Structures are given as C-alpha cells and as structure tokens.
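A.B. asks: If you scroll down you'll find the structure; I have some questions about it.
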Amino acid sequence: MAADPLRELSLLLRSPEPDELRAFVERECVGLGFEKKLRGCSDTECEAALRSWLTRTRERCRKLQARETRARALAAARTLVDTARWHDDEVHLDERIVLGELLADRTLPILCFVVEGTEVYVERARLAAAKRALRRMATLWCWVDRSALH
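If you count the sequence shown from 1, position 115 lands on 229 in this note's numbering, and the numbers rise without skipping.
This is the structure:
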C-alpha cells in the first residue's frame, strides 16, 4: 500500500490516465468493495466515482480529526479544572495546559473561565499569540481572577 493513498489518488485525478486509475483501484481499494463497483464502468464514470469517493473520504477524515481535536481540548479543560488551586481571590492554573492542549480546538474563538460565578472570557487567538511570545520564558505562572486571565 502507498504511504498516502489519498494523496496518490489526488495526484492521479489531476491528469487522469484511465489505466493508472484502474491500476490504483485494483492495488489500493481491494477489500473496500470499490473495485467491484468500478468493474463495469466507463473511464469517465470511473473517474467521476473516484472524485466523489475522494471528496467524501476527505470530509470524513476532516470531521474525525475535528472531533479528536475537540476531545483533546475538552480533556485539557477537565484536567485544568482538576489541577486548579485557589490562592486568596485567584485560581492558579497549570500554564502548560492553558498554553497547550486547551488551545487545540481552533474552532472555539473564545474560552470562558468561571471564577466564583463570574465569567472571564479570553480570546483563543490572544492566548495563542501569548504562547508564541512566552515560549522562551523559563518561569511562567498563570492565574485567573474575576477580572482577567493573567
């Protein structure tokens, strides 16, 4: 099997050669039932079916990756809650989580921290920018109070 069959198929479909497409299907799609479906197809139908399949497969992969990323960010949020420690009127947070896996899900533009019933909103983009700016610092602390994330 090729290192990345989807990439290979994408390249083949850019300038399709019927023999190469059919050879790809026979080599890479065995066991998926796809090769049987294409047996009686014309070259044009074969190409159209492969394009459609590739589009659907890419979308499924994108959705799966988005679910996995969201799950990582939610797991990080749970860990952050479990490891948070109160000190006076502040909640001390693990900066590695705040500037790490919590930022994994790029579809969430705003993160919300709740401190004694008060919601503190932080833009994900600002945290990501802070991560880039602060990555060289050896010592870093992170806390949230009713006014902001510090």
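Each residue gets a CB set at the ideal place from its N, CA and C atoms; glycine is no exception.
Because the structure is a prediction, the values reported are computed rather than measured.
Exposed or buried, I224, counting other C-beta atoms within 10 Å across all chains shown (16 or more means buried)?
C.D. replies: Looking up residue 224 in the sequence shown gives position 110. When all chains shown are included, I224 counts as exposed.
A.B. asks: If we ignore side chains and look at the alpha-carbon of each, how far apart do R184 and L178 end up?
C.D. replies: One-based indexing of the sequence shown puts residue 184 at position 70. One-based indexing of the sequence shown puts residue 178 at position 64. The straight-line gap from Cα to Cα measures roughly 10 Å.
A.B. asks: If contact is defined by three or more beta carbon pairs under 8 Å, each pair taking one atom from either stretch, is the stretch 198-208 in contact with the stretch 151-164?
C.D. replies: no
A.B. asks: Among the residues of its own chain, which have a CB less than 7 Å from the CB of M115, if the five just before and after it don't count?
C.D. replies: For the purposes of this step, residue 115 is taken as the residue at position 1 of the sequence shown. Because M115 sits at a pLDDT of 44, beneath the cut-off of 50, its placement in the model cannot be relied upon, and the following sentence gives the value as read from the coordinates. So the list reads E142, once near-sequence residues are dropped.
A.B. asks: Taking the beta strand (DSSP E) that C226 falls in, what are its first and last residues?
C.D. replies: Within the sequence shown, the letter at position 112 stands for residue 226. It spans 224-229 - the beta strand (DSSP E) in which C226 sits, taken as one unbroken run.
A.B. asks: Which residues bound the alpha helix (DSSP H) around C160?
C.D. replies: Taking the first residue of the sequence shown as position 1, residue 160 is located at position 46. Note, C160: alpha helix (DSSP H), 157-197.
A.B. asks: Would you kindly report the start and end of the unbroken beta strand (DSSP E) that includes E233?
C.D. replies: Walking along the sequence shown from the start, residue 233 turns up at place 119. Residues 232-237.
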